[in-house]
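See the structure below:
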């Protein structure tokens, strides 16, 4: 039995360094360090592993900064392919800045920071970074800094992040990410902006969740403008209607919109008209979309004001399919809403999707429009 175990150990230790490195990449860095006791062959392999996975769960608040400094001081002078940080306790700003600066200096390509508490973060420019995920981060005064200075970044995910601008300022935080192709904003906050602009010349996918005025991230009256000439997919979910003053999506193919407005029974006619017009203005920016997915709450916001929708022309010019997802059996899409969605197209259809558990049924709501002759 001992001979068999020794043979297995020898075979593992005989693997090339790059394969052992890939194995160690699946471990947290403190676990990777523990493998140094296996043999002399393994003693310093952790120090050149390309992926660093930090998790504060196994440390106290006092020990974790010391561990970070130890790792950075003992590592070999080699590049960092990926750095993951899972912070389950408050991290000192000096420790965070030291870790980020270390990653930047060693050409990090993929950085992921997940925190249980909102952390102030300063982001230096990084030309090597391609993928970035940040949660619960608070960025400093972006008006006086370069914002996200990542010229080669292709994918950006932000979850519950705060953007600090001077009051009534205009913000375009991602304009310097010239190669960004995918952007996802979930429950992010822009509390002081008068206008938020998202510029993405190379963006092909944009997702925004948990958006709206007041406690949803924007100050009342803030306008939102998006300029993305190559965008193919736009998803706007779990949000409220806001003033999209300009949507430039000439290449758009797919749209998904899930908005709602609580307290509509108590809302004034002015408020109902306002949110309905916000949504219709938003739809005007989707004119080139071929596939649209809506939710029953979205239909209800469209239809808040009697007679308003009938006055609006259909915004769609290339539409091939509209799906409406609903979890209520009795829900029906009103005929004038169907006409608004499909009047600009010929020979298309609208479906109602009823999702119960893992079973999804699709019911045809309206017949094909007759094709134009000639």
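In the UniProt record's numbering, the protein residues as written are 1 to 374. By construction, the Cβ of each residue, glycine as well, lies at the ideal position given by its N, Cα and C atoms.
- Beta-bridge pairing by DSSP links residue 87 to 115.
- Scanning its chain for C-beta atoms nearer than 8 Å, with the 5 sequence neighbours on each side dropped, one finds around residue 92 the residues 65, in chain order.
- In the structure shown, the three-state DSSP call for residue 101 is helix.
- In this structure, the alpha-carbon of residue 199 lies about 30 Å from that of residue 296.
- Residue 222 places its beta carbon 9 Å or farther from that of residue 240.
- In the structure shown, residue 166 adopts coil according to DSSP, grouped into three states.
- Restricting attention to alpha helix (DSSP H) runs no shorter than 4 residues, the UniProt domain "F-box" (9-57) encloses them at 17-24 and 29-34, ordered along the chain.
- Partner residues in the beta bridge of residue 208, as assigned by DSSP, are 185 and 236.
- In the three-state scheme derived from DSSP, where H, G and I count as helix and E and B as strand, residue 73 is classed as helix.
- In the three-state reduction of the DSSP assignment, residue 291 falls in the strand class.
- Residues 309, 334 and 337 of the same chain have their beta carbon placed closer than 7 Å to that of residue 303, with the five preceding and five following residues left out of the count.
- About 7 Å separates the beta carbons of residue 118 and residue 162, which is inside the 8 Å limit, making them a contact pair.
- By the Cβ neighbour-count rule, residue 298 is buried, with 16 or more other Cβ atoms within 10 Å of its own.
- Of all alpha-carbon atoms in 291, 114 and 280, the one lying nearest the alpha-carbon of residue 301 is that of 280.
- Nearest to residue 343 by C-alpha distance, out of 325, 122 and 319, is 319.
- Looking at 79, 323 and 56, the one whose alpha-carbon comes closest to that of residue 21 is 79.
- Excluding five sequence positions before and after residue 213, the CB atoms of its chain that fall closer than 6 Å to its own CB belong to 220, given in chain order.
- For residue 303, the secondary structure class from DSSP, reduced to helix, strand or coil, is coil.
- For the pair residue 294 and residue 322, the CB atoms are nearer than the 9 Å cut-off.
- About 15 Å separates the Cβ atoms of residue 139 and residue 153, ruling out a contact at the 8 Å cut-off.
- Between residue 24 and residue 38, the gap from beta carbon to beta carbon reaches 9 Å or more.
- One thing to note: residue 52 has its Cβ no nearer than 9 Å to the Cβ of residue 89.
- Exposed is the label assigned to residue 15, since fewer than 16 other Cβ atoms lie within 10 Å of its Cβ.
- In the DSSP assignment, residue 110 is bridged to 82 and 131.
- With fewer than 16 other beta carbons inside 10 angstroms of its own, residue 19 counts as exposed.
- A residue is called buried when at least 16 other Cβ atoms come within 10 angstroms of its Cβ; residue 243 meets this threshold and is buried.
- Checking the DSSP bridge columns, you'll see residue 122 has no partner listed.
- Secondary structure of residue 297 (DSSP, three-state): helix.
- Under DSSP, residue 224 shares a beta bridge with 196 and 244.
- Rounded to the nearest whole angstrom, the CA to CA distance from residue 261 to residue 211 is 12 Å.
- A residue is called buried once 16 or more other Cβ atoms fall within 10 Å of its Cβ, and residue 26, having fewer, is exposed.
- In this model, residue 208 and residue 236 are separated by some 5 Å (Cα to Cα).
- Using a Cβ distance threshold of 9 Å, residue 164 and residue 128 do not count as a contacting pair.
- Distance from the CA atom of residue 137 to the CA atom of residue 57, rounded to whole angstroms, is 19 Å.
- For the options 17, 54 and 48, the alpha carbon positioned closest to that of residue 29 is the one of 54.
- Nearest to residue 325 by C-alpha distance, out of 257, 341 and 288, is 257.
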